[in-house]
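K.L.:
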Amino acid sequence: MSCNEEEEPCTDQTLTPLQLMVTDLEDNNLLDEGSDYELADFKLYYQDGTDMTELTLEADETSDEQPFIKSLEAAEESLDGQTEFQLVLADDHSVTFDFIVTLSDASGCDVYTYEATDSDGEDLEQVSEGDPKPYIIQIDLDTEQ
Numbered sequence: 008m009s010c011n012e013e014e015e016p017c018t019d020q021t022l023t024p025l026q027l028m029v030t031d032l033e034d035n036n037l038l039d040e041g042s043d044y045e046l047a048d049f050k051l052y053y054q055d056g057t058d059m060t061e062l063t064l065e066a067d068e069t070s071d072e073q074p075f076i077k078s079l080e081a082a083e084e085s086l087d088g089q090t091e092f093q094l095v096l097a098d099d100h101s102v103t104f105d106f107i108v109t110l111s112d113a114s115g116c117d118v119y120t121y122e123a124t125d126s127d128g129e130d131l132e133q134v135s136e137g138d139p140k141p142y143i144i145q146i147d148l149d150t151e152q
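Note that the working numbering has the sequence shown beginning at 8, numbered continuously upward.
Shown next as structure tokens:
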């Protein structure tokens, strides 16, 4: 009698974009239909030496129709070691956060892990309903930049 020693074949994961649900301090989604803002009002940057480099943002919705923004470029930059980002709303408000993507191939396949923290190092929460589960980031609309 012989044992089957073949390991389960694994599959390379694909890189997931940074996904952010942007809310005000009262947890109102700033991309909701009733909001004063739209995708064009949001800009995502990272510091490249002395320059601020803008990344591409796209709008999307969770399976329960909650709007959010996403950026594959942010995930790619994070993999390259650029982990601090700034989200700017209508040139008046901004929030800085860290998004850390790590790649491990210890299992023989590419596995990505993701971590997002605010400027105080606290983990950003993720939405509990629907799919995908974007990180929730709050912008204080009462304080101008």
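Even glycine gets a Cβ: it sits at the ideal position worked out from N, Cα and C.
Using DSSP's beta-bridge definition, name the partner residues of Q20.
P.N.:
For Q20, which the question treats as bridged, DSSP gives no partner whatsoever.
K.L.:
Where does D67 fall in DSSP's three states?
P.N.:
Looking at D67 - three-state DSSP - the assignment turns out to be strand.
K.L.:
Under the three-state reduction of DSSP, which class applies to Q26: helix, strand or coil?
P.N.:
Strand at Q26.
K.L.:
Could you tell me whether the Cβ atoms of P139 and L79 are closer together than 7 Å?
P.N.:
No. Outside cutoff.
K.L.:
Return the bridge partner residues of T166 from the DSSP annotation.
P.N.:
Nothing can be reported for residue 166, as the shown portion of the chain is limited to 8 through 152.
K.L.:
For F49, which option in T60, V108, L64 has the closest C-alpha, if you only look at C-alpha atoms?
P.N.:
Among T60, V108, L64, the Cα nearest to that of F49 is on L64.
K.L.:
DSSP on S42, reduced to helix/strand/coil?
P.N.:
Three-state result, S42: coil.
K.L.:
Using only alpha-carbon positions, find the residue among D117, Q133, E40, L62 that is nearest to V95.
P.N.:
It is L62.
K.L.:
Quick check: Q93 and Y119, are their CB atoms within less than 7 Å of each other?
P.N.:
For Q93 and Y119, no; Cβs fall outside 7 Å.
K.L.:
Counting C-beta neighbours from all protein chains within 10 Å, is the total for E68 16 or more, i.e. buried, or is it exposed?
P.N.:
With fewer than 16 other Cβ atoms within 10 Å, it is exposed.
K.L.:
According to the Cβ coordinates, are Q133 and T30 closer than 7 Å?
P.N.:
Not a contact, by the Cβ cut-off of 7 Å.
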